[in-house]
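Trainee: Protein chains in written order, with UniProt numbering: chain A, 1 to 330; chain B, 1 to 342; chain C, 1 to 297. Below are the structure tokens for one structure; questions will follow.
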Amino acid sequence: MLLDIRNLTISRDTPTGRVQVLERVNLQINEGEIHTLVGESGSGKSLIARAIMGFLSSNWHIQADRLWFEEHDLLTLTASQRRHIIGVDIAMIFQDAKSYLDPNLTVGEQLGEAVLDQDLSGRWLQRRKQRKERVIQLLHRVGIKNHESMMTSYAHELSEGAAQKIMIASAIAHRPKLLIADEPTSTMEPATRQQIYRLLAQFHARYGMSILLISQDLGAIMKETERLSMIYSGQLMETGPTRALLDKPHHPYTEALLNTSLYRQSQREPRSRLPTLAGTEPSLQHLPIGCRLGPRCANARPKCVQTPELSKLRDRAFACHYPLNLEEKE
Amino acid sequence: MTRYLFRQIGLLLVTLWLLTLLTYGLGHWFPGEFITNSSGIFPDDIRYEDIVEQRAGDAGILSQYIAYLQHLFSGQWGVSLLDGEPVFEQLQLRFGATLEVALLAFLLALIPGIPLGVLAALYFRKPVDHTILTISLSGYSIPVFWFAQIAILVIAVHWGMVPISGQINPLYDIPPRTGSILLDIMLAQPSYLAAALHNALLHMVLPVSILAVMPMMLIIRLTRNAMLDVLQQNYITAGYAKGLSTARVIWSHAIPNAMQQLLRQLGALISLLITNTMIVEVIFSWPGLGSWLVRSIYERDYPVIQGGLLVIAALILIVSIILNLFHAWRYPQVRKDLYGTP
Amino acid sequence: MARPNLYYEERSPAPLEMVWLEFRSKPLAMAALYILLLISLLVLIGPLLTPYEPNQQFIDAISLPPAWSTAGDIRFLLGTDELGRDMVTRLIYGARYSFGLPLLVVMSAALIGIGLGAAAAMTVGVKSSTLKHLLDVLMSIPSLLLALIIIAILGPGLFNAMLAIGLVLIPQFLHVTRNAVHDEQKRAYVTASRLNGVSQLYLLFTVIFPNIIKVLVVQFTIGLSIAILDIAALGFLRLGAQAPTPEWGSMLAQSLEVAYVSPWVMALPGLALFLTLVSVNLVGETLRVAIQRQLER
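As structure tokens, this is what we get:
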């Protein structure tokens with residue numbers, strides 16, 4: 001187990017009281033696994049990533065039964081200890097990559113910062129030269145060939161795709177064990193997205209790097225994804241191997257998402273209504289009690305005002321009192 | 001960059017030209033006669049007829065303006081109505097004196113101001129931040145003329161630690177050349193060099209430190225706000241994600257970007273500095289442009305007003321254009337924004 | 001507010017209300033606001049409270065220290081000046097000259113400047129960046145210097161000083177308004193309204209104005225701070241209010257000769273000025289921060 005999160009609750013103080021933005025979320029990532037976290041915007045999926053990285057400011061309150069990365073308990077680490085581990089073993093890339101580049105430094109300078117000091121040897125001048133070589137090497141690995149002009153560029157001169165490639169280059173500089181990709185392609189065209197995904201899959205294959213991909217669109221996930229987790233309004237709905245989950249979802253939320261996605265396009269009658277979830281996502285001030293999907297769920301029953309426990313079934317897990325597609329068991 | 005450079009220089013030339021139009025116009029708008037107002041020669045003077053001829057006093061406005069410009073460029077800025085001293089020569093001396101205190105005060109404000117602002121931002125909403133912010137906001141609100149009086153009363157009069165006013169004890173007899181007293185002493189190389197320098201520095205302590213207070217408070221607040229803004233930017237998060245230490249992120253990402261914002265707002269600072277310099281010069285009888293200008297307004301010494309005004313305004317304009325150019329040269333992404341605006 | 005909460009419903013405060021809530025949570029800023037209200041009250045009803053006339057001289061009480069010192073006199077709470085005038089009276093009257101008049105000046109300048117600025121932004125006129133840069137450069141000239149020029153033409157005096165400060169502040173309001181309206185015009189919601197076919201006036205007053213009012217309020221406090229300081233500075237330089245007027249700046253100037261013998265004559269007007277300025281600046285800065293925080297939300 002590379003990353004083990006048990007009952008992670010993240011809350012923040014609002015003028016109307018403390019709100020649990022994320023409620024008892026579990027997430028396990030094995031070594032060398034590509035795990036995709038799917039949820040609508042505002043469902044708290046980026047919060048998980050930021051909690052792992054320790055980026056949350058002090059007005060967020062984090063509680064968890066377990067927040068482990070390998071053998072390190074991240075909750076007990078101070079910021080600097082955490083950064084020591086994270087800087088080397090966990091890397092993160094973001095959406096809107098351009099804004100994550102310092103506007104006043106060239107790409108070469110920023111990539112040079114990411115190169116680990118222990119990879120370099122010799123005196124100052126030699127180290128400088130090695131650092132530059134490493135940067136060029138990194139650029140080549142992410143498929144940028146004109147490294148000379150790229151290294152002297154500033155962020156405002158890059159396209160979104162190129163900036164994301166730079167971010168990836170900077171992320172893989174440490175050969176991390178886990179790469180967290182927070183909607184890296186949401187602002188890109190499909191062609192560029194495929195390019196970025198191909199790059200990620202390549203590094204996954206070559207270095208055995210685990211990837212936690214965060215996405216808001218079930219239709220735009222990496223096809224190499226081994227496991228999927230569905231999150232809705234801060235609660236984990238369902239998790240399991242990609243294929244099984246997409247074929248026979250246990251949770252109504254997954255079912256509803258699939259109904260609206262391209263996966264089941266062939267099953268739909270021509271000109272029929274698209275079956276969507278009724279209503280809108282709840283705002284943070286008006287979170288429903290119990291299962292947060294309750295008010296929108298097609299088969300919600302009175303029991304749903306109690307938060308369902310996560311039930312495990314072989315390699316899958318779901319949080320629903322009335323799961324779907326369980327015929328074979330009954 | 002070249003395009004931007006030419007644009008800024010063009011802008012400077014246009015504003016300077018507008019400024020000469022204004023000062024020329026002032027000659028007409030001031031009470032009294034145009035020729036007297038701009039040359040300082042009274043009609044009962046024997047030279048008056050010649051001056052009218054030279055300055056095209058009877059001709060149309062255009063040729064009058066051209067004659068005014070010719071005089072301006074050849075350094076004939078008229079003489080003072082009060083004592084008959086040539087304005088241009090006097091200006092040079094006073095300019096040096098003003099620049100000396102203003103620059104020293106600026107440095108004195110900058111050196112503690114920036115670190116304090118950064119410190120406040122790093123301890124955002126902690127006691128350190130609140131203390132620095134409260135001091136800076138109240139320090140910014142002290143009227144400089146009152147503060148200077150209290151300082152004189154306590155430090156100069158009551159304790160007698162420093163002289164009350166002036167640039168240097170006149171007994172030292174330093175011939176004025178540049179107007180800047182420290183430079184003048186160095187140029188004159190008197191046998192009592194150390195004593196003269198000591199005396200001049202003592203005279204300088206109060207005006208410079210009082211002048212530095214308000215800009216320093218402003219710098220603290222500007223730096224703090226800039227740092228807070230920068231610390232929220234995504235590239236700071238990216239720096240942490242790379243595994244850089246906090247000190248490294250602050251030093252090589254946060255501070256340089258905050259300095260850029262500070263630089264953009266330095267114009268307000270220059271304006272504040274010049275205003276306060278004028279007032280402080282009056283209080284300390286510092287022989288600079290400000291005290292001269294204020295006295296000339298009081299005495300209705302029009303040639304001096306015109307000259308002093310032209311120099312102060314031109315100084316501010318040139319400094320602000322230089323700041324713009326430096327900003328664009330140092331921070332490449334700014335230039336792109338400038339081109340981007342239609 | 002005892003509003004019975006029968007339904008599970010929350011009212012989200014309106015944007016301006018949020019700014020006020022944020023502002024109210026800062027005790028220092030609230031204190032500053034109360035001080036300003038108190039000074040405004042003194043401006044309005046000051047003459048009813050003062051025991052004497054501002055220029056009334058008491059021959060038997062020249063340069064008396066404040067009442068709590070041994071040489072003091074209870075008739076003159078904060079002492080008297082070198083001509084035997086009561087300091088309390090002069091300070092309260094001074095509030096009219098040093099706070100009331102600047103307030104009046106800034107209000108008129110704001111009215112004219114905002115009107116012109118809005119008109120300039122709404123009409124399709126010269127929008128070249130050169131003009132904008134030109135204005136930017138002219139803005140960098142300090143207000144006191146511009147006021148000095150105007151006074152050089154008009155001659156010293158309180159009215160001329162007010163006129164000068166007013167004339168200096170108008171372009172600042174114009175500039176800020178024009179820029180704010182311009183920035184707002186580029187926003188999508190304005191385009192949406194325009195596509196709805198509303199008239200220009202409606203667009204300005206109902207759509208754009210509520211969104212720039214905050215910027216204008218902050219600019220108002222900045223302008224007020226400038227006006228108070230500059231009018232006092234001009235008074236101090238003897239170019240504004242003239243000798244017997246109890247304006248705080250000129251009181252300071254008059255106190256110079258006696259500052260060593262009777263320091264309270266110098267300390268008090270300066271203190272009043274400082275208190276006023278600190279309050280104005282504190283209110284302005286807190287408002288600015290509150291508005292910024294609300295924008296980030």
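All residues carry an ideal CB built from backbone N, CA and C; glycine is no exception. Remember, it's a predicted structure, so these values are computed and weren't measured experimentally.
#1: Please state the DSSP three-state secondary structure of V21 of chain A.
#2: Mark S39 of chain B as exposed unless 16 or more other C-beta atoms lie within 10 angstroms of its C-beta, in which case mark it buried.
#3: With distances taken from CA atoms, which of C:T286, C:Q185, C:S225, C:R24 is nearest N211 of chain C?
#4: Report the CB separation of F58 of chain C from T89 of chain C in whole angstroms; it is logged as a contact under 8 Å.
#5: Am I right that L287 of chain C and V218 of chain C are in contact with their C-beta atoms under 8 Å? What's the rounded C-beta distance?
#6: DSSP three-state label for I210 of chain B, please.
#7: Identify whether D4 of chain A lies in helix, strand or coil by the three-state DSSP scheme.
#8: Hey, quick one: how far does the beta strand (DSSP E) through M230 of chain A stretch, first residue to last?
#9: Please report the distance separating the alpha-carbon of G96 of chain B from that of Q90 of chain B.
#10: Indicate whether the contact test is met: 3 or more Cβ pairs, each with one atom in the region 46 to 64 of chain A and one in the region 10 to 28 of chain A, closer than 8 Å.
#11: Tell me the DSSP secondary structure of G32 of chain B in three-state form.
#12: When burial is assigned at 16 or more other CB atoms within 10 Å of the CB, is E247 of chain C buried or exposed?
#13: Using a Cβ-Cβ cut-off of 7 Å (strictly less than) and excluding sequence neighbours within five positions of A212 of chain B, which residues of its own chain qualify?
#14: Figure out for me which residue from B:V280, B:F6, B:L18 has the closest Cα to the Cα of S165 of chain B.
#15: Please say whether A49 of chain A and I242 of chain B have beta carbons closer to each other than 9 Å?
#16: In terms of DSSP beta bridges, what is Q164 of chain A paired with?
#17: Helix, strand or coil, according to DSSP, for G307 of chain B in the structure here?
#18: Within its chain, find whatever has a CB closer than 6 Å to the CB of P244 of chain C; leave out the 5 residues flanking it on each side and keep chain order.
#19: For residue 350 of chain B, which residues in the same chain have their Cβ closer than 8 Å to its Cβ, ignoring the five residues on either side in sequence?
#20: Where does the unbroken alpha helix (DSSP H) through V88 of chain A begin, and where does it stop?
#21: Count the other CB atoms, across all protein chains shown, that sit within 10 Å of the CB of M237 of chain A; report buried if there are 16 or more and exposed otherwise.
#22: For the putative contact between T260 of chain A and M230 of chain A, defined by C-beta atoms under 8 Å, what is the C-beta separation to the nearest angstrom?
#23: Closer than 9 Å by beta-carbon distance: list the chain B residues that pair up with G223 of chain C, in chain order.
#24: Does the beta-carbon of A120 of chain C, which I'm using as the reference point, lie nearer than 8 Å to any heavy atom of the ligand MG?
#25: At what residues does the beta strand (DSSP E) containing V38 of chain A begin and finish?
#26: Could you tell me the alpha carbon to alpha carbon distance between A295 of chain B and A180 of chain C, rounded to whole angstroms?
#27: So, for D178 of chain A: in the same chain, excluding its five sequence neighbours on each side, which residues have a beta-carbon less than 8 Å away from its beta-carbon?
#28: With respect to the alpha helix (DSSP H) encompassing W60 of chain A, which residues constitute its N-terminal and C-terminal limits?
#29: Which bits of chain C does G160 of chain B rub up against, with CB to CB less than 8 Å?
#30: Which one of A:N26, A:G17, A:L22, A:R18 has the shortest CA to CA distance from K311 of chain A?
#31: Measure the Cβ-Cβ separation of L317 of chain B and V304 of chain B and say whether it is below 9 Å.
#32: Of the residues that make up the region 132 to 154 of chain B, which ones have a beta carbon closer than 7 Å to any beta carbon in chain C?
#33: Is there at least one Cβ from chain B nearer than 9 Å to A79 of chain A's Cβ?
#34: Run through the DSSP bridge pairs and tell me what K45 of chain A is partnered with.
#35: Looking at the unbroken beta strand (DSSP E) that takes in F318 of chain A, where does it start and where does it end?
#36: Three or more beta-carbon pairs under 8 Å between the region 311 to 322 of chain A and the region 232 to 250 of chain A, yes or no?
Mentor: From the atom records:
#1: Within the first sequence, numbered from 1, the residue matching residue 21 of chain A stands at position 21. Of the three classes helix, strand and coil, the one that applies to V21 of chain A here is strand, per DSSP.
#2: By one-based count along the second sequence, residue 39 of chain B stands at place 39. Burial of S39 of chain B is indicated by the presence of at least 16 other C-beta atoms within 10 angstroms of its C-beta.
#3: Residue 211 of chain C sits at position 211 when you count from the first residue of the third sequence. Of the listed residues, the one whose Cα sits closest to N211 of chain C is C:Q185.
#4: Within the third sequence, the letter at position 58 stands for residue 58 of chain C. Within the third sequence, the letter at position 89 stands for residue 89 of chain C. Wrong, their Cβ atoms sit about 11 Å apart, outside the cutoff.
#5: What you label residue 287 of chain C is simply residue 287 of the third sequence in a count that begins at 1. What you label residue 218 of chain C is simply residue 218 of the third sequence in a count that begins at 1. About 6 Å separates the beta carbon of L287 of chain C from that of V218 of chain C, a gap short enough to meet the 8 Å contact definition.
#6: Indexing the second sequence from 1 puts residue 210 of chain B at position 210. Correct three-state label for I210 of chain B: helix.
#7: Residue numbering aside, residue 4 of chain A sits at position 4 when the first sequence is read from its first letter. If DSSP states are grouped into helix, strand and coil, D4 of chain A belongs with the strands.
#8: Position 230 of the first sequence, counted from the start, is the residue given in the question as residue 230 of chain A. Note, M230 of chain A: beta strand (DSSP E), 227 to 232.
#9: Along the second sequence, read from residue 1 onward, the residue named residue 96 of chain B stands at position 96. Along the second sequence, read from residue 1 onward, the residue named residue 90 of chain B stands at position 90. If you take the alpha carbons of G96 of chain B and Q90 of chain B, they lie about 10 Å apart.
#10: Taking a cut-off of 8 Å for Cβ pairs, the region 46 to 64 of chain A and the region 10 to 28 of chain A touch, as three or more such pairs fall below it.
#11: Numbered from its first residue, the second sequence carries residue 32 of chain B at position 32. DSSP places G32 of chain B in coil when its eight states are reduced to three.
#12: By one-based count along the third sequence, residue 247 of chain C stands at place 247. Flag for E247 of chain C reads buried.
#13: Here residue 212 of chain B refers to the residue found at position 212 of the second sequence. If the five residues before and after A212 of chain B are omitted, its C-beta is found closer than 7 Å to the C-beta atoms of A105, L108, A109, all from its own chain and listed in chain order.
#14: Working through the second sequence from its first residue, we reach residue 165 of chain B at position 165. Among B:V280, B:F6, B:L18, the Cα nearest to that of S165 of chain B is on B:V280.
#15: By 1-based counting over the second sequence, the position of residue 242 of chain B is 242. By 1-based counting over the first sequence, the position of residue 49 of chain A is 49. The residue asked about is misnamed: residue 242 of chain B is Lys in this sequence, not Ile. The Cβ atoms of K242 of chain B and A49 of chain A lie no closer than 9 Å to each other.
#16: Residue numbering aside, residue 164 of chain A sits at position 164 when the first sequence is read from its first letter. Residue pairing from DSSP leaves Q164 of chain A without any beta-bridge partner.
#17: Within the second sequence, numbered from 1, the residue matching residue 307 of chain B stands at position 307. Correct three-state label for G307 of chain B: helix.
#18: Position 244 of the third sequence holds residue 244 of chain C. Closer than 6 Å at the Cβ level, and outside the excluded window around P244 of chain C, lie N55.
#19: Missing from the structure shown is residue 350 of chain B; chain B here goes from 1 to 342 and no further.
#20: Sequence index remark: in the first sequence, residue 88 of chain A carries index 88 (1-based). Run containing V88 of chain A: 79 to 89, per the alpha helix (DSSP H) assignment.
#21: On the first sequence, position 237 is the one that residue 237 of chain A refers to. Taking a 10 Å sphere around the C-beta of M237 of chain A, we find 16 or more other C-beta atoms and assign the residue as buried.
#22: Locating residue 260 of chain A in the first sequence gives position 260, where the first residue counts as 1. Locating residue 230 of chain A in the first sequence gives position 230, where the first residue counts as 1. Not confirmed; about 13 Å, so no contact.
#23: One-based indexing of the third sequence puts residue 223 of chain C at position 223. Within chain B, no residue has its beta carbon less than 9 Å from that of G223 of chain C; the closest one is some 14 Å off.
#24: Annotation note on the ligand MG: not contained in the displayed structure, which lists no ligands.
#25: Sequence index remark: in the first sequence, residue 38 of chain A carries index 38 (1-based). For V38 of chain A, the uninterrupted beta strand (DSSP E) run begins and ends at 34 to 39, by DSSP.
#26: In the second sequence, counting from the first residue as 1, residue 295 of chain B sits at position 295. In the third sequence, counting from the first residue as 1, residue 180 of chain C sits at position 180. A small correction: the amino acid at residue 295 of chain B is Arg; Ala does not occupy that position in the sequence shown. If you take the alpha carbons of R295 of chain B and A180 of chain C, they lie about 39 Å apart.
#27: In the first sequence, the residue the question calls residue 178 of chain A occupies position 178. The sequence as given places Leu at residue 178 of chain A; Asp does not occur at that position. Closer than 8 Å at Cβ, skipping near neighbours: L2, L3, I29, F69, D89, I90, A91, M209, S210, I211, L212.
#28: Sequence index remark: in the first sequence, residue 60 of chain A carries index 60 (1-based). Note, W60 of chain A: premise wrong, no alpha helix (DSSP H); beta strand (DSSP E) at 60 to 63.
#29: For the purposes of this step, residue 160 of chain B is taken as the residue at position 160 of the second sequence. Listed along chain C, no residue sits closer than 8 Å to G160 of chain B by beta-carbon distance, the nearest being about 12 Å off.
#30: Position 311 of the first sequence, counting from 1, holds the residue named residue 311 of chain A. Looking at the sequence provided, one finds Ser at residue 311 of chain A rather than Lys. For the residues A:N26, A:G17, A:L22, A:R18, the minimum Cα distance to S311 of chain A belongs to A:N26.
#31: Locating residue 317 of chain B in the second sequence gives position 317, where the first residue counts as 1. Locating residue 304 of chain B in the second sequence gives position 304, where the first residue counts as 1. Result no, Cβ atoms of L317 of chain B and V304 of chain B do not sit closer than 9 Å.
#32: The region 132 to 154 of chain B vs chain C, Cβ under 7 Å: L137, S138, Y140, S141, I142, P143, F145, W146, Q149, L153.
#33: Here residue 79 of chain A corresponds to residue number 79 of the first sequence, with the count starting at 1. Chain B, which has a Cβ nearer than 9 Å to the Cβ of A79 of chain A, makes this yes.
#34: The residue labelled residue 45 of chain A in the question sits at position 45 within the first sequence. When DSSP reads this structure, K45 of chain A sits in no beta bridge, so it has no partner.
#35: Here residue 318 of chain A corresponds to residue number 318 of the first sequence, with the count starting at 1. Where F318 of chain A is concerned, the enclosing beta strand (DSSP E) stretches over 316 to 318.
#36: Enough Cβ pairs lie closer than 8 Å, so yes.
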